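**Student:** The opening residue of the sequence shown carries number 30 in our numbering; numbering runs sequentially from there.
Note that beta-carbon positions come from the ideal geometry of N, C-alpha and C, so glycine has one too.
It should be emphasised that the depicted structure is a prediction, and the values quoted were computed from it without experimental measurement.
My questions will all concern the structure given below.
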Amino acid sequence: MIKILLIVAVSLLLLVSGCIGPTTTSTPTPAVTSTETTTVVATETPVATSTVTSTGIPAVTTTGTPVSPATPVSTTTPTTNATAAATTAAINVTSYPASVQGEANFTIRWEVSGGTPGTISNTSMIWGFNSGGMNITDYPRSSAAQTGNTPQTFSADLKAPSGGGPVYFRAHAVVDGVDIYSPEYQITITPLYTGGGGGY
30 MIKILLIVAV SLLLLVSGCI GPTTTSTPTP AVTSTETTTV VATETPVATS
80 TVTSTGIPAV TTTGTPVSPA TPVSTTTPTT NATAAATTAA INVTSYPASV
130 QGEANFTIRW EVSGGTPGTI SNTSMIWGFN SGGMNITDYP RSSAAQTGNT
180 PQTFSADLKA PSGGGPVYFR AHAVVDGVDI YSPEYQITIT PLYTGGGGGY
């Protein structure tokens, strides 16, 4: 016990006198662990929107009706009514007497026109003592048949019956295989003989 006290006393003396420095214990600096999470806020740079004002050729406002370039302009000449009418066959009486004496000769003339190609295979004057329709069978008598090509004029020489009364007639023709008729006309026949009384 005395030895221990002596050693402590000597150590204190040496320490006071500066002969023995204190033992320095190096305490290592602990590594700093960062637990803070750094939040990086990405600031997006906005894309600049460039508004372009066109200063080029201004739009032209049309007030009329524009012609579509996709629609071709027709250059076809339309068929006129006169051309269409020329293809239709027709027959017309051009001359006849209003009245004839019984048993006298008389002439009737008519014209046939139109048709494509306009071939007249038969034409004549049909007549009778009764009015008829546009049918050849309605007239029991006829002139001699004639042929030709349109346009052409025909005539027929007929002899009036001896008795009196009206005679009804039409001009008839077959053009390109189609029957055509003129309007109906009439001729007054004057009797050749008139009855008379006698005496003793």
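Could you check what DSSP says for L35 in three-state terms: helix, strand or coil?
**Tutor:** Residue 35 sits at position 6 when you count from the first residue of the sequence shown. Note: L35 maps to helix in three-state DSSP.
**Student:** Can you tell me whether S144 is buried or exposed, with buried defined as 16 or more other CB within 10 angstroms of its CB?
**Tutor:** Counted from its first residue, the sequence shown places residue 144 at position 115. At residue 144 the sequence reads Gly, which differs from the Ser that was named. So G144 ends up on the buried side.
**Student:** Look at A200 and M154 and say whether their C-beta atoms are less than 9 Å apart.
**Tutor:** Numbered from its first residue, the sequence shown carries residue 200 at position 171. Numbered from its first residue, the sequence shown carries residue 154 at position 125. Yes, the Cβ-Cβ distance between A200 and M154 is below 9 Å.
**Student:** May I have the straight-line CA-CA distance separating V207 from S150, to the nearest angstrom?
**Tutor:** By 1-based counting over the sequence shown, the position of residue 207 is 178. By 1-based counting over the sequence shown, the position of residue 150 is 121. C-alpha separation (whole angstroms): 10 Å.
**Student:** So, at 8 Å on beta carbons, what are the nonlocal neighbours of E132 in its own chain, with the 5 sequence-adjacent residues on each side left out?
**Tutor:** Here the question's residue 132 lines up with position 103 in the sequence shown. Counting only Cβ-Cβ distances below 8 Å, and skipping sequence neighbours, we find K188, A189, P190, S191 and L221.
**Student:** Relative to the C-alpha of D167, which residue among Y197, P180 and A173 is closest?
**Tutor:** Within the sequence shown, the letter at position 138 stands for residue 167. That would be Y197, whose Cα lies nearest to the Cα of D167.
**Student:** Is H201 near the ligand NAP, going by C-beta to nearest heavy atom under 8 Å?
**Tutor:** This structure simply doesn't include the ligand NAP, nor any ligand for that matter.
**Student:** Measuring straight from C-alpha to C-alpha, what distance separates V204 and Q215?
**Tutor:** By 1-based counting over the sequence shown, the position of residue 204 is 175. By 1-based counting over the sequence shown, the position of residue 215 is 186. Each residue's alpha carbon lies about 24 Å from the other.
**Student:** Give the DSSP-derived three-state secondary structure of D167 in the structure shown.
**Tutor:** Position 138 of the sequence shown holds residue 167. Reduced to three states, the DSSP call for D167 is helix.
**Student:** So, at 8 Å on beta carbons, what are the nonlocal neighbours of R170 in its own chain, with the 5 sequence-adjacent residues on each side left out?
**Tutor:** The count along the sequence shown starts at 1 and reaches residue 170 at position 141. Hits under 8 Å: I155, W156 and G157.
**Student:** With 16 other CB atoms within 10 Å as the buried threshold, where does S184 fall?
**Tutor:** Position 155 of the sequence shown holds residue 184. It is exposed - the Cβ of S184 has fewer than 16 other Cβ atoms within 10 Å.
**Student:** How many angstroms separate the CA atom of G147 from the CA atom of T223?
**Tutor:** Numbered from its first residue, the sequence shown carries residue 147 at position 118. Numbered from its first residue, the sequence shown carries residue 223 at position 194. C-alpha separation (whole angstroms): 47 Å.
**Student:** What residue ranges within the region 169-229 form continuous beta strand (DSSP E) runs of no fewer than 3 residues, ordered along the chain?
**Tutor:** 175-178, 181-188, 194-204, 207-210 and 214-219
**Student:** Return helix, strand or coil for S40, following the three-state DSSP convention.
**Tutor:** Position 11 of the sequence shown, counting from 1, holds the residue named residue 40. Correct three-state label for S40: helix.
**Student:** Anyone know if the C-beta pair for W139 and T117 falls short of 9 Å?
**Tutor:** Taking the first residue of the sequence shown as 1, we reach residue 139 at position 110. Taking the first residue of the sequence shown as 1, we reach residue 117 at position 88. No.
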